[in-house]
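Visitor: This is the structure, below, for whatever I ask next.
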Amino acid sequence: MQQHATSEISSSLDSVSSVQTDREQLSYAFRLAEAFGFHEGICNHFSVKLDGDSERYLINPYGTHWSEMTPQALLMIDGDGTVLEGEGMVEDSAKFIHISGHRANPRHKALLHTHMPYATALTMIEGGRLEFAHQTVARYFGRIDYYDKFGGLAVSAEEGARLAETATQKQNIDVTFLANHGIVVGGSTVAAAFDDLYYLERACRQQLFAMQSGKPLKLIPEDVIKLTAEQIERDREMFSIEHFTALSRVLENSPLHRFTF
Numbered sequence: 001m002q003q004h005a006t007s008e009i010s011s012s013l014d015s016v017s018s019v020q021t022d023r024e025q026l027s028y029a030f031r032l033a034e035a036f037g038f039h040e041g042i043c044n045h046f047s048v049k050l051d052g053d054s055e056r057y058l059i060n061p062y063g064t065h066w067s068e069m070t071p072q073a074l075l076m077i078d079g080d081g082t083v084l085e086g087e088g089m090v091e092d093s094a095k096f097i098h099i100s101g102h103r104a105n106p107r108h109k110a111l112l113h114t115h116m117p118y119a120t121a122l123t124m125i126e127g128g129r130l131e132f133a134h135q136t137v138a139r140y141f142g143r144i145d146y147y148d149k150f151g152g153l154a155v156s157a158e159e160g161a162r163l164a165e166t167a168t169q170k171q172n173i174d175v176t177f178l179a180n181h182g183i184v185v186g187g188s189t190v191a192a193a194f195d196d197l198y199y200l201e202r203a204c205r206q207q208l209f210a211m212q213s214g215k216p217l218k219l220i221p222e223d224v225i226k227l228t229a230e231q232i233e234r235d236r237e238m239f240s241i242e243h244f245t246a247l248s249r250v251l252e253n254s255p256l257h258r259f260t261f
């Protein structure tokens, strides 16, 4: 009996520790995104699905600026969007995009939704696509999809379900471009998702700069794209952790630091 009780206490402590780690990493992701200029006012949202049998998520409260996000400022919500811990409200679009998204693809512990300028600019171009014209883009080979119909603000369960349909049918997709709207990036960890978010904006910026020349993009042959994607994938998880840790360390040492992008 005593051994059973000790095991339960240990499991409970592990759960608390895991949640706190998720809170810390997600709060860093918000502050880093703001420092890079990926935010838009107090809009957009990041979420993490907490480990365990029950459906619980961490998400940002509407009205809290990303630069002031702390671990304890994050809300814990259930699968209905009801706040379990924390103070504040969850924006409707945050509920519908994120809860539907996590359910659609269980691989995605973290989901990041932004209107960051360069990636969003591509969603505003007729037939806009991230082209394989730079080695950075190769990391997304087979992992990108496009939702080409803008149906208004994602403030209903129906619109959330439509946005998640791609994720349900294509479990390999980690990046979705939402026409006339923005992007959603999913990852197995906060670090992996943020790493993809960072390089996605870089890749979109590089393409838009190249397009300003008025000349055709020099596309990489598909066999070389596949090779480069395989090379990147081998160490992507490790590199994402190192990258996220380094960026977080900069903010820890200098909270007001702004990154030149």
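Here UniProt numbering is used: the first residue of the sequence shown is 1, the next is one more, and so on. From the three backbone atoms N, C-alpha and C, an ideal C-beta is built for every residue, glycine too.
Just grab the DSSP bridge partners of residue 43 for me.
Guide: In the sequence shown, the residue the question calls residue 43 occupies position 43. DSSP output for residue 43 lists 40 as bridge partner(s).
Visitor: DSSP three-state call for residue 12: helix, strand or coil?
Guide: Taking the sequence shown and counting its residues from 1, the one referred to as residue 12 is at position 12. Low per-residue confidence applies at residue 12: pLDDT is 48, beneath 50, and the placement is therefore not dependable enough to give any value.
Visitor: For residue 85, which beta-bridge partners are listed by DSSP?
Guide: Here residue 85 refers to the residue found at position 85 of the sequence shown. Beta-bridge pairing links residue 85 to 76.
Visitor: Just mark residue 187 as buried or exposed, buried being the case when its beta carbon has 16 or more other beta carbons within 10 Å.
Guide: As a working mapping, residue 187 is identified with position 187 in the sequence shown. Looking at its Cβ environment, which holds 16 or more other Cβ atoms inside 10 Å, residue 187 is buried.
Visitor: Check for me: the alpha helix (DSSP H) holding residue 195 runs from which residue to which?
Guide: For the purposes of this step, residue 195 is taken as residue 195 along the sequence shown, with counting starting at 1. Per DSSP, residue 195 belongs to the alpha helix (DSSP H) from 190-211.
Visitor: Is it true that the CB of residue 145 sits closer than 8 Å to the CB of residue 176?
Guide: For the purposes of this step, residue 176 is taken as residue 176 along the sequence shown, with counting starting at 1. For the purposes of this step, residue 145 is taken as residue 145 along the sequence shown, with counting starting at 1. Yes; because the gap between Cβ atoms is below 8 Å, this pair is in contact.
Visitor: Roughly how many whole angstroms lie between the Cα atoms of residue 124 and residue 139?
Guide: Translated into positions along the sequence shown, residue 124 becomes position 124. Translated into positions along the sequence shown, residue 139 becomes position 139. Taking the straight line from one Cα to the other gives about 23 Å.
Visitor: Mapping DSSP to helix, strand and coil, what is residue 6?
Guide: Within the sequence shown, numbered from 1, the residue matching residue 6 stands at position 6. Model confidence at residue 6 stands at a pLDDT of 44, short of 50, so the residue's coordinates are unreliable; what they give is reported in the following sentence. The DSSP-derived three-state label of residue 6 is helix.
Visitor: Just curious, the beta strand (DSSP E) that residue 113 is in, first and last residue?
Guide: Along the sequence shown, one-based indexing puts residue 113 at 113. Here the beta strand (DSSP E) through residue 113 covers 110-114.
Visitor: Can you check whether the CB of residue 200 is closer than 8 Å to the CB of residue 185?
Guide: Indexing the sequence shown from 1 puts residue 185 at position 185. Indexing the sequence shown from 1 puts residue 200 at position 200. Going by C-beta atoms, residue 185 is nearer than 8 Å to residue 200.
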